[in-house]
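**Q**
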Amino acid sequence: MIAMCTGVLTALAQSPASAAVACDVTYTSTEWTSSPGRGGFNAAITIKNTGDPISSWSLTFAFPAGQQLTHGWQATWVQSGTGVTATSLPWNGSLATGASTGIGFNGTWTGSNPKPTVFRVNGVTCGGTPSPSPSPSLTPDGFVSVTPTALMVAESTSATAAVRLSLRPNSNVTVAVTKRSGGDADLTAAPATLTFTPANWNIAQNVTISAAQDPDIANGTAAWTLSATGGGVFYFSAGLNVTEIDDESS
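Take the sequence shown: its letters are residues -19 to -1, 1 to 231, numbered as in mature numbering (1 follows the signal peptide of the UniProt record, and there is no 0).
#1: Is the stretch 96 to 105 touching the stretch 187 to 198 in the sense that three or more CB pairs, one from each, lie closer than 8 Å?
#2: Around the Cβ of G47, are there at least 16 other Cβ atoms within 10 angstroms (buried) or fewer (exposed)?
#3: Measure the alpha-carbon distance for L70 versus Q186 and round it to whole angstroms.
#4: Taking the CB atoms as reference points, tell me whether S36 and T68 lie closer together than 7 Å.
#5: How is C107 classed by DSSP in three states: helix, strand or coil?
#6: Pull the bridge partners of E136 from the DSSP assignment, please.
#7: What number of angstroms, rounded off, separates the C-alpha of I28 from the C-alpha of T14?
#8: Answer with buried or exposed for I26, where buried requires no fewer than 16 other C-beta atoms within 10 angstroms of its C-beta.
#9: Work out the CA separation of S208 and T159 for me, nearest whole Å.
#10: For G213, which of P179, T206, I190 has the nearest alpha-carbon?
#11: As a quick exercise: from A56, T174, F86, pick the residue whose alpha carbon is nearest that of T155.
#12: Ignore the nearest five residues each way along the sequence and tell me which others in A56's own chain have a CB closer than 7 Å to its CB.
#13: Tell me the DSSP bridge mates of R19?
Quick look at the structure:
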């Protein structure tokens, strides 16, 4: 399911720089059914700044059918009722004119999963009606899907997360599994890379997270970024957060 919301509205935002805000938003989601009438979905959002440069942003939209946000990345996510707000992080808030940033989240649905129709950046509407789907000659953006996006692993055990792509590539894609700095050294991931082809792009491949035994009593944490290259398609990266469950007593 692909929706593109494009806005060319210009207005003064309530920000210290009084920047004139205009924006394009692209919303792409893939859903699955876990039982009759309910399931989950993974959404990727691209925010493009078509106005003056901004130093931070806040994206807002509403779920039309009571969907629930479960986990988001590349932003601070908050849901209140049907409303959702994604606020920039210190490292991705600055957007020059024409610059874009990608964010995403996982959610659940019951009954149906219609897409949001109105997106606002810093209070300015980026378009009230989704434009038609792109023509077949255009290659839309995709994303790396990880399920689940958070794991809890007891010492001396392992757990897996399923990885797949949201769109069929034109050629082979390599997904790198990269540990972020500062993570617990006792938590490791294998394999370091996954290869998806035009034939198996939507078939899950597992990343195994192992927790080594250690003498401390702390629950360590670590995070990985899963980034894709190749295939003739741009794929937004995904995140995997892991908590080690320590078995020593204090």
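Where is the CB? At the ideal position from N, CA and C, for every residue including glycine.
**A** Straight from the coordinates:
#1: No, the stretch 187 to 198 is not in contact with the stretch 96 to 105.
#2: The residue you call residue 47 lines up with position 66 of the sequence shown. So G47 ends up on the exposed side.
#3: Taking the first residue of the sequence shown as 1, we reach residue 70 at position 89. Taking the first residue of the sequence shown as 1, we reach residue 186 at position 205. Their backbone Cα atoms lie some 30 Å apart in a straight line.
#4: The residue labelled residue 36 in the question sits at position 55 within the sequence shown. The residue labelled residue 68 in the question sits at position 87 within the sequence shown. For the 7 Å CB-CB criterion, S36 and T68 do not form a contact.
#5: Taking the first residue of the sequence shown as 1, we reach residue 107 at position 126. Three-state result, C107: coil.
#6: Taking the sequence shown and counting its residues from 1, one reaches residue 136 at position 155. DSSP output for E136 lists no bridge partner at all.
#7: For this step, residue 28 is matched to residue 47 along the sequence shown. For this step, residue 14 is matched to residue 33 along the sequence shown. If you take the alpha carbons of I28 and T14, they lie about 28 Å apart.
#8: Here residue 26 is taken as the residue at index 45 of the sequence shown, counted from 1. So I26 counts as buried.
#9: Mapped onto the sequence shown, residue 159 falls at position 178. Mapped onto the sequence shown, residue 208 falls at position 227. When rounded, the distance between both Cα atoms is 8 Å.
#10: Taking the first residue of the sequence shown as position 1, residue 213 is located at position 232. When each option's Cα is compared against that of G213, the closest is P179.
#11: Against the sequence shown, residue 155 aligns to sequence position 174. Distances from the alpha-carbon of T155 to those of A56, T174, F86 put T174 closest.
#12: Within the sequence shown, the letter at position 75 stands for residue 56. The answer, listed in chain order, is A67, T68, S69, L70, I84.
#13: Locating residue 19 in the sequence shown gives position 38, where the first residue counts as 1. S16, T91, per the DSSP bridge assignment.
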